[in-house]
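Colleague:
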Amino acid sequence: MEHGQPLLESLSQHFGFASFRPGQSQTISQLLAGHASLAIFPTGSGKSLCYQLSALHLPHLTLVVSPLLALMQDQVLFLQSKNIGAATLDSSQSTQQSQAVMQGVRSGEIKILMVSVERFKNERFREFIRQINVSMMVVDEAHCISEWGHNFRPDYLKLPDYRKELNIPLVLLLTATATKKVKLDMAKRFDILPQHIVQTGFYRPNLDLSIMSVSEHDKLPQLLQLVRAQRGAGIVYVTLQQQAEQVAKQLKASGINASAYHAGLKDDLRTTVQQQFMANQIQVVVATIAFGMGVDKADIRFVIHHDLPKSIENYSQEIGRAGRDGELAKCTVLANLDGVATVENFVYGDTPERSGIEYVVAQGLQEQVNGKWEIQELPLSKASNIRILALKTLLVQLEILGAISAKYAYYADFRFKFVTIESKLLSQFDSTRQAFLKQIFAHTQFKKVWGTVDMQSLVQSGADRQRAVAALDYLHQQGLIELESKRMVQVYGVNQQVLSQPELVDNLYHYFKDKEQAELKRISSMLRFFELSKCLSANLAYYFDDSQVPSSCGHCSVCRGQVAKLTQSNVRQMPDDDALRAYVFAMQKHLRQGDITISKDTIIRFLAGVTTPFISQYKLKQLPGFACCEGLRFMQIADKVNQLALGV
Ligand code: ADP
Ligand code: MG
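538 is the number that full-length UniProt numbering gives to position 538 of the sequence shown; each next residue is one higher, with no gaps.
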């Protein structure tokens, strides 16, 4: 294409930018010289441009894997505004729309295609990509690939395999936060050489960092004082959804223009809050970590952590949203040890029991028919007592070990209602099609307006499932019916030999145990970080393997001479032995009615107040003993349960 043209010229011609930002030109030159690369730049510093510009100089398609639909759509609009052929393939599209995109990719009109990682699970998508020449695979938010990272997404682990399977020569990984371990882990998985890791300075001279040791009781007055001292926009981070509501209410009651934001709110309300914050109609957003990705407001003047963040990585990303305009911004953590047990218990709740893993493996062997195993995540999660995220991790591990392989997914249930009356709808089609549609409608059970398609009987009557789904999709696209699809079924191929290896379950169990320990270590490193007696800015940079930072910044609480010592304001008491016995007895009685046995793990989680699929399913939260040990360390509860020989 435009080979030989200086990159700077291309930058201004295509994007209208006058100069490169740090790291961009090095990354792009490396890629164009054919070297797989990893770029680590802070949020907002222009990582996307590295692939956007490179894509224009590479001969074939650039395939971008991105974690969030909204982010993909933003990028595509940006590229289209620069007259660059870009599109997404995503689940919101109709069959026609996605076919048009695939056509554009085949013809070369589309240079940049953005997809979610889940798309790769679809064998047909992989088949499509196999037929296309792909120059480069880009993985945005690439730290999701590392189990040692803070936002591990199991499906990302399969990307190195897909890259090989699809023969994609070049790869670019993008992330804002990676410790040395995560960095090397990512590079190794994609065969990136150390000299091709481009990392720009992490240090932000305009961020003023403070750690304040505050008792639970003093948090609200402290928070009010901090917020009142500020004019500009700010974010207050909390751990739980109900806290977001509560703290926002308290701020409002004190005359502060604040609003809550969390994943429990309706989509449109969330969008409104975000828009009003962007437009300065709301001064303070009180948010869970759901608020962040995609929030691109340059003049955020303060970020306050009302509760402990989940990790140093989370802390760094969350404060990184402040002061993007380069002006002073204040970042304060209101810290104590009261919440530590809660944060730790989240981690313990994610580790499957050995018996749960055993159950899943046995299901794979029993349920497979002709080497195919159909899974619905929710029921499997309930039956195995493994949380959804951990179950996904388990399935990916089984894939990596070669025990199973993802084939495709489909929706098990379809229901629809007529928008146009049936006779008028049918009259629009020729007689063959009419006959087929009539066959579908005959196998649909209507209750008032909505009808559920009985796929099984339809297929038994001789109809082809895929053709029926395509027909319903078509009617929906034409606005003739309103169609809803439910219950996603994942289909895996099974390798019996690998899946029945005797050591498999133990290996998987140890994998999860190691992960648990790594997560716990992450929490204790964070606590140590908050109590440091040396410059916070410098140590934050060191944590991310960046030494381009002054050894004392002069704008953090430690440099101001205030070393934080975190305390526990409410020391929790363990209920006495008789009370514990009574609680566990009541739980056993409750469950015995259903003739169900309980494991020791479940008892510990029940007492600690950690929800698992089993605990939700049998409504154990309603019992008086649930969470009676909340606030105590998990190990302490486990010791007690052992000592009293509960549940054996
Ligand atoms: P990141 O992914 O690193 O958080 P983005 O790629 O979203 O950041 O870029 C942030 C903003 O910076 C975007 O609006 C982008 O257009 C802009 N940008 C990127 N590179 C440059 C540049 N060289 N000059 C000016 N603006 C740039
Ligand atoms: Mg980005």
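Glycine is no exception: its CB is placed at the ideal position from the N, C-alpha and C atoms.
This structure is a prediction, so every number in the text was calculated from the model and none was measured.
1) Tell me, to the nearest whole angstrom, how far the beta carbon of H14 is from that of S135; I am working on the premise that it is less than 8 Å.
2) Does Y411 pass the burial test, meaning 16 or more other C-beta atoms within 10 Å, or should it be called exposed?
3) Could you check which residue in L207, L591 and D639 has the C-alpha nearest to that of S616?
4) Quick check: what's the CA-CA separation for D430 versus W450?
5) Per DSSP, what kind of secondary structure is residue 649 in: helix, strand or coil?
6) So what's Q274 in DSSP terms, helix, strand or just coil?
7) Give me, in chain order, the residues of the same chain whose beta-carbon lies closer than 6 Å to that of E245; leave out the 5 immediate sequence neighbours on both sides.
8) Answer yes if the stretch 538-555 comes into contact with the stretch 189-203, meaning at least three C-beta pairs across the two stretches below 8 Å, and no otherwise.
9) Taking the straight line between their C-alpha atoms, what separation do you get for L56 and V64?
10) Can you check whether the CB of V459 is closer than 8 Å to the CB of A409?
11) Ignore the nearest five residues each way along the sequence and tell me which others in E127's own chain have a CB closer than 6 Å to its CB.
12) Can you tell me the Cα-Cα spacing of H3 and S25, whole angstroms?
13) Quick check: K47 and A36, are their CB atoms within less than 8 Å of each other?
14) For R231, I'd like the list of residues in its chain whose CB is within less than 8 Å of its CB, leaving aside the five on either flank, ordered along the chain.
15) My assumption, with CB atoms under 8 Å, is that L220 sits in contact with V236. Please give the rounded CB distance.
16) Taking 6 Å as the limit, name every residue whose beta carbon sits nearer than that to some heavy atom of the ligand MG, in sequence order.
17) Kindly identify the DSSP beta-bridge partner or partners of K372.
18) Look up S259 in the DSSP assignment and give the residues it is bridged to.
19) Mapping DSSP to helix, strand and coil, what is F346?
20) Could you check where the alpha helix (DSSP H) with M526 kicks off and where it finishes?
21) Taking V583 and G625 to be in contact with their CB atoms under 8 Å, please state how far apart those CB atoms are, rounded to whole angstroms.
22) Considering only residues of the same chain and omitting the five flanking positions on each side of A541, which have a CB-CB separation below 6 Å?
23) Are the beta-carbon atoms belonging to E531 and D338 less than 8 Å from one another?
24) Mind the definition here: the stretch 151-162 touches the stretch 387-399 only if three or more C-beta pairs lie below 8 Å; say whether that holds.
25) At the level of alpha carbons, what is the spacing between P309 and V558?
26) At what residue ranges does the stretch 542-609 contain a whole run of the alpha helix (DSSP H), taking only runs of 4 or more?
27) Which partner residues does L483 have in the DSSP bridge list?
28) Restricting to Cα atoms, I'd like to know which of N314, V360 and A627 is closest to V494.
29) So what's D191 in DSSP terms, helix, strand or just coil?
30) Is it the case that the CB of G320 approaches a heavy atom of the ligand ATP more closely than 7 Å?
31) Which class does T27 belong to by DSSP, given the choice of helix, strand or coil?
32) Per DSSP, what kind of secondary structure is V238 in: helix, strand or coil?
33) With H, G and I counted as helix, E and B as strand and the rest as coil, what does DSSP make of I357?
34) Taking D208 as part of the beta strand (DSSP E), name the residues at either end of that continuous run.
35) Does at least one heavy atom of the ligand ADP sit under 7 Å from the Cβ of F429?
36) With distances taken from CA atoms, which of V198, R581 and Q593 is nearest I603?
Modeller: Here's the rundown:
1) At roughly 17 Å, the Cβ-Cβ gap does not stay under 8 Å, so H14 and S135 are not in contact.
2) exposed
3) L591
4) 25 Å
5) No answer is possible for residue 649: it lies beyond the span of the chain, which begins at 1 and ends at 648.
6) helix
7) A260
8) yes
9) 14 Å
10) no
11) none
12) Any answer about H3 is weak, because its pLDDT of 44 lies below 50 and its placement is not dependable; what the coordinates show is given next. Cα-Cα distance, rounded: 15 Å.
13) no
14) R301
15) Going by Cβ atoms, the distance from L220 to V236 rounds to 11 Å, so no, they are not a contact pair.
16) K47, S48 and D140
17) V369 and G493
18) V285
19) helix
20) L504 to F530
21) The sequence shown places Tyr at residue 583, not Val. Their Cβ separation, rounded to whole angstroms, is 3 Å, which keeps Y583 and G625 in contact under 8 Å.
22) F202, Y203 and V549
23) no
24) yes
25) 19 Å
26) 577-592 and 600-608
27) F416
28) V360
29) coil
30) Looking at this structure, you won't find the ligand ATP anywhere; what it does contain is the ligand ADP and the ligand MG.
31) helix
32) coil
33) helix
34) L207 to S213
35) no
36) R581
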